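Numbering (my numbering), first residue to last: 1127 to 1634.
Notes follow once the structure below has been shown.
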């Protein structure tokens, strides 16, 4: 797997295209003016727990090299203020595929019912209305259920083909139900701390299959095969890698040797030496922690290059919209780098909710309109849903929270959204313009996940203070009242449980 994405000059083909905006209004004729024929293919690539600084095109980390992601950014649009609606994977992924706040589906943190409410159509279900062939490759992690018969299972929310696994923490090398069963008998030492690991067989549609292999490469091979086999109609392919989720030391032996990394014992919670190493690795004070992460990032980037090259080899790149993003901010225990942003996954600081995001729209679908290569406006990953529906000539449901990015990308038209809101049950945040209100009610996750967290209420000017180091709560009481009111109205509208009053701020 040694791929570097190669991009040929894009052929300009004059297709007439129509994008639907809210209430069926026509876009400015400088952009697009009739229905896409043929409709664009769509590929959405989701990384797991990738740090904001861990893409080399941003030049925020000297040790990062992601040539394939960089080349995608060079032909697409980089959103510098892209936010996920949640700092953890299951709720964030639910919002991505429904275009809605997960709280409206009964999901605030881990657990919940996921996609069980059919009132919220998934992106795949909507695209089926335009005769798309749909495929889901990789990790899905919505609600509590692990049954292949409920709506959380990809085949039951709009996907024609599924290859992958459920759950949040998947072994990179072992995919065997029998081995998982044996493992479950010996994990008692760390289970009490909430640690778990999925080693189970992978799903191929409704069948579970034992496999050997490196999950990043298995996912990539399935994705490229799907592209090769589904060219007779427009397709929507979601590729959800489990990289870079812990445990990043699980690399094939030949890759460990290539990166000169020591082989660590596998998951053995009853082994004292393993426990000592594991605690040290998560502190984080492991000598090789960052190197394992960068090794996984290298192969993730290679896989993305293979997927995009497959599109080009089949003359599909000029007819395919590509989205790349991380499901939440980088995680401290895996040695991700969120740059200057405070916090990490699990928190509502910038490091937990601001993510790398790239959207590529081929030139022929822009009707010769120049696309902005960098956008600094505040956007949400919920906006991907209506953006892609608009590209497919479909109107987004009225009950979603996302807004299409098309006019912003092509005409610099500002978003109409008043604010973004977050609420995990133990933290809330509101971002409006330059201001961000943040309240922390409970810091129980701080020690467990090695995160920086302060109890209390905070107001930050994130434009001048993206590090969130200066609390302006006392200086601007009127702004605080406004932002808290936005959250309260959002809570009522989304039938969200009442928030508690924050405790007095203190340093951990």
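Even for Gly, the Cβ is constructed at its ideal location relative to N, Cα and C.
The structure presented is a predicted model; accordingly, all values stated were derived computationally and were not measured.
| Item | Value |
| --- | --- |
| Among residues of its own chain, excluding the 5 on either side of residue 1472, which ones have a beta-carbon nearer than 7 Å to its beta-carbon? | 1213, 1214, 1478, 1571, 1575, 1577 |
| Do residue 1165 and residue 1256 count as a contact pair if the criterion is CB distance below 8 Å? | yes |
| Mapping the DSSP letters down to three states, classify residue 1621 as helix, strand or coil. | coil |
| In angstroms, rounded to a whole number, what distance separates the CA positions of residue 1518 and residue 1343? | 30 Å |
| To test your reading of the DSSP string, which unbroken beta strand (DSSP E) runs of 3 or more residues are found completely within the stretch 1180–1245? | 1203–1209 |
| What are the boundary residues of the beta strand (DSSP E) that includes residue 1506? | 1500–1506 |
| If I measure Cβ to Cβ from residue 1194 and keep anything under 6 Å in the same chain, skipping five residues before and after, which residues do I get? | 1131, 1427, 1430, 1431 |
| Can you round the beta-carbon distance between residue 1527 and residue 1227 to whole angstroms, since I take them to be within the 8 Å contact cut? | 5 Å |
| Judging by CA-CA distance, which residue of 1327, 1416, 1208 is the nearest neighbour of residue 1458? | 1416 |
| Taking residue 1532 as the reference, give the member of 1543, 1398, 1512 with the closest Cα. | 1512 |
| Tell me where the beta strand (DSSP E) around residue 1415 begins and ends. | Here residue 1415 belongs to no beta strand (DSSP E); instead the alpha helix (DSSP H) covers 1415–1439. |
| Relative to the C-alpha of residue 1285, which residue among 1267, 1302, 1259 is closest? | 1259 |
| Determine the DSSP secondary structure at residue 1341, reduced to helix, strand or coil. | helix |
| Which residues bound the alpha helix (DSSP H) around residue 1479? | 1476–1479 |
| Name the DSSP bridge partner or partners of residue 1547? | 1556 |
| How would you label residue 1151, buried or exposed, when you count the other beta carbons within 10 angstroms and need 16 or more for buried? | Confidence in residue 1151 is poor, its pLDDT being 39 and thus under 50, which makes the residue's placement too unreliable to answer from. |
| Using C-beta distances below 6 Å, list every residue in its chain close to residue 1553, excluding the 5 sequence neighbours before and after it, in chain order. | 1474, 1566 |
| At what residue ranges does the stretch 1334–1392 contain a whole run of the alpha helix (DSSP H), taking only runs of 4 or more? | 1341–1355, 1379–1384 |
| In terms of alpha-carbon separation, which member of 1222, 1413, 1199, 1609 lies closest to residue 1509? | 1222 |
| Identify whether residue 1542 lies in helix, strand or coil by the three-state DSSP scheme. | coil |
| Under 8 Å, do residue 1422 and residue 1387 count as touching if we go by C-beta distance? | no |
| Please tell me whether residue 1267 and residue 1225 are closer than 8 Å, where the distance is taken between their beta carbons. | no |
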